[in-house]
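Everything in the sequence shown is counted per the working numbering, starting at 9 for the first residue and increasing by one. Structure record follows, encoded as structure tokens.
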Amino acid sequence: MQNPDDPNNSGDLIADAREEIVGMAKQGMAHPSTKPVLTAGAIGAVAGAVLPVVSWPVGLLAGAGFMLYKRLRP
9 MQNPDDPNNS
19 GDLIADAREE
29 IVGMAKQGMA
39 HPSTKPVLTA
49 GAIGAVAGAV
59 LPVVSWPVGL
69 LAGAGFMLYK
79 RLRP
């Protein structure tokens, strides 16, 4: 998660998301954002499977994307 007092924090959402995703990819489950993002993705996939209009991949992406956004911009 980004520190707002960090002098390297540019405030650019895309750059921050890229940095967070790269960190998650390198550190795996040891990264503090991995577990919440995967959990939200799983919940979104279940919700997407239950809802008649949305499929599970859309729910997965929506849940993971929402949690990643909340980790970047609390």
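Backbone N, C-alpha and C define an ideal beta-carbon position, used for all residues, glycine too.
Rounded to whole angstroms, how far is the Cβ of residue i from the Cβ of residue j, which I believe are closer than 8 angstroms?
{"i": "A72", "j": "G52", "result": "7 angstroms"}
{"i": "R79", "j": "E28", "result": "7 angstroms"}
Note the first and the last residue of the continuous alpha helix (DSSP H) segment covering residue i.
{"i": "P44", "result": "42 to 58"}
{"i": "G66", "result": "Looking at the sequence itself, residue 66 is Val, so the reference to Gly does not match. Where V66 is concerned, the enclosing alpha helix (DSSP H) stretches over 64 to 80."}
{"i": "A33", "result": "21 to 35"}
Only counting the same chain, and skipping five residues up and downstream in sequence, which positions put a Cβ closer than 7 angstroms to that of residue i?
{"i": "M75", "result": "P44, V45, A48"}
Do residue i and residue j have their C-beta atoms within less than 8 angstroms of each other?
{"i": "A70", "j": "W64", "result": "no"}
Quick one: residues in its chain with C-beta nearer than 8 angstroms to the C-beta of residue i, no 5 flanking neighbours on either side, listed in chain order?
{"i": "A55", "result": "V62, G67, G71"}
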